[in-house]
Amino acid sequence: ENKKQGAAVECFSGLLWPLLGAYLWASVVGYKPVIIVHGLFDSSGDFINLQRFINESHPGTNVTVIDLFDRGASLEPMWKQVEGFKAAIYPIMQNAADGVHFICYSQGGLVCRGILSTLSDHNVHSFISLSSPQAGQYGDTDYLKYLFPQFVKSNLYHLCYTALGQMISICNYWNDPHHRDLYVNSSDYLALLNSERSNPNSTEWKKNFLKIKKLVLIGGPDDGVITPWQSSQFGFYDDNETVVEMQHQDLYLRDVFGLKTLAARGDLILCSVPGVQHVWWHSNETVFHTCMEKWLV
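Heads up, the final residue of the sequence shown is numbered 297 in UniProt numbering, and it's a clean run with no missing numbers.
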């Protein structure tokens, strides 16, 4: 009987010490909590691999995938999602004295920008934007065919730039380079975030956004959904559908919400990875080690 107990204790301590060691290591090193925000048609269950990568590289990290606006509910208007996610995330921030990190995927990257712009007392260190249409979306993708079978990219503006269209998340950042005036005057979300339409809150929003310590923009040429793929790094089409890179974009040159300031500070990181399709960004270990791991400390 004693032998059995001894073996049990040995077995238990064999399990316990590594766990305790990892816990102590995490509390000494103090990995900041990581908050993950999903994209269009996703749910929290899609991020199991990413959670595993984080826990293997930074043991003891508190990782929360926010379980809101899943699947079809991800089509709700963007400002509504910003408010919902903000309410869920704020308590996590308040409990994290040293701050938190954001990993925000696809449409979620735009939700996170809304949170960072409108929340004056956020404590986000690294904002990792994972293949997100930061400069907008303009492409005939499978998503588009599924959502709006009767539309192609060239005529979706007829729906998106109406009051009804602006009740659908994707229309909030649909950016038709051939109907720029309509986009600027009708987009209730992206045109305001980018201060492309005059926005009385722009100074305040810029100040809030610039409280982040690092902005990491991840994307790649084989994405297949974000169109153009350079939108994930604030590049976008001109009216000839030629891609103009971020550094030549008006919103960068005029530093409307802080991109140029971040670059001057050395806090703007572009990470481009070929060969990754849109749905695999958060499950690709190479992407994690190359573009994310070092910013999650």
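Heads up, the beta-carbon is just placed ideally off N, CA and C, and yes, glycines get one too.
Between the options, which has its C-alpha nearest residue i's C-alpha?
i           : options               : result
residue 109 : 261, 233, 59 and 204  : 233
residue 94  : 246, 242, 121 and 264 : 121
residue 213 : 269, 250, 153 and 171 : 269
residue 265 : 273, 210, 245 and 135 : 210
residue 216 : 128, 36 and 179       : 128
residue 97  : 282, 182, 172 and 33  : 33
residue 353 : 72, 105 and 112       : What the structure shows of the chain is the stretch from 1 to 297, and residue 353 is not part of that stretch, so it cannot be assessed.
residue 54  : 68, 258, 35 and 229   : 35
residue 280 : 220, 30, 72 and 159   : 220
residue 65  : 77, 176, 75 and 92    : 92
residue 284 : 39, 149, 51 and 69    : 51
residue 172 : 202, 76 and 201       : 76
residue 249 : 141, 207, 136 and 74  : 136
residue 99  : 126, 117 and 82       : 126
residue 229 : 81, 44 and 140        : 140
residue 79  : 170, 242 and 251      : 170
residue 133 : 144, 197, 251 and 231 : 231
residue 242 : 59, 144, 45 and 138   : 138
residue 206 : 200, 258, 179 and 59  : 258
residue 71  : 37, 101 and 179       : 37
residue 288 : 262, 142 and 130      : 130
residue 123 : 90, 201, 143 and 46   : 90
Give me, in chain order, the residues of the same chain whose beta-carbon lies closer than 6 Å to that of residue i; leave out the 5 immediate sequence neighbours on both sides.
i           : result
residue 271 : 218 and 291
residue 57  : 293
residue 39  : 105, 106, 107 and 108
residue 44  : 65 and 67
Are there 16 or more other CB atoms within 10 angstroms of the CB of residue i, so buried, or fewer, so exposed?
i           : result
residue 254 : exposed
residue 227 : buried
residue 61  : buried
residue 185 : exposed
residue 155 : exposed
residue 48  : exposed
residue 152 : exposed
residue 42  : buried
residue 240 : exposed
residue 296 : buried
residue 247 : exposed
residue 150 : exposed
residue 146 : exposed
residue 117 : buried
residue 158 : exposed
residue 198 : exposed
residue 114 : buried
residue 164 : exposed
residue 282 : buried
residue 208 : buried
residue 299 : Outside the modelled stretch of the chain, which goes from 1 to 297, sits residue 299, for which no answer is possible.
residue 194 : buried
residue 101 : buried
So what's residue i in DSSP terms, helix, strand or just coil?
i           : result
residue 47  : helix
residue 152 : coil
residue 249 : coil
residue 131 : coil
residue 115 : helix
residue 66  : coil
residue 57  : helix
residue 231 : helix
residue 74  : helix
residue 37  : strand
residue 244 : strand
residue 293 : helix
residue 143 : helix
residue 237 : strand
residue 26  : Caution is warranted here: a pLDDT of 48 is assigned to residue 26, below 50, making its placement in the model unreliable, and no coordinate value can be reported.
residue 90  : helix
What residues in its chain sit with their C-beta under 7 Å from that of residue i, if we drop five residues either side in the sequence?
i           : result
residue 277 : 222, 223 and 224
residue 244 : 235, 236 and 238
residue 183 : 161, 175, 176 and 191
residue 68  : 84, 85 and 88
residue 167 : 77
residue 267 : 213, 214 and 215
Going by beta carbon distance, what residues of the same chain come within less than 8 Å of residue i, once the five residues before and after it are set aside?
i           : result
residue 204 : 120
residue 275 : 220 and 222
residue 26  : Because the pLDDT at residue 26 is just 48, under 50, the model does not fix this residue reliably, and the point stays unresolved.
Contained alpha helix (DSSP H) runs [length at least 4] in the stretch 155 to 229, N- to C-terminal order: Segments of the alpha helix (DSSP H) lying fully in the stretch 155 to 229: 157 to 160, 169 to 172, 180 to 186, 190 to 193 and 202 to 209.
Residue ranges of each alpha helix (DSSP H) within the stretch 257 to 291, 4 or longer: 259 to 265
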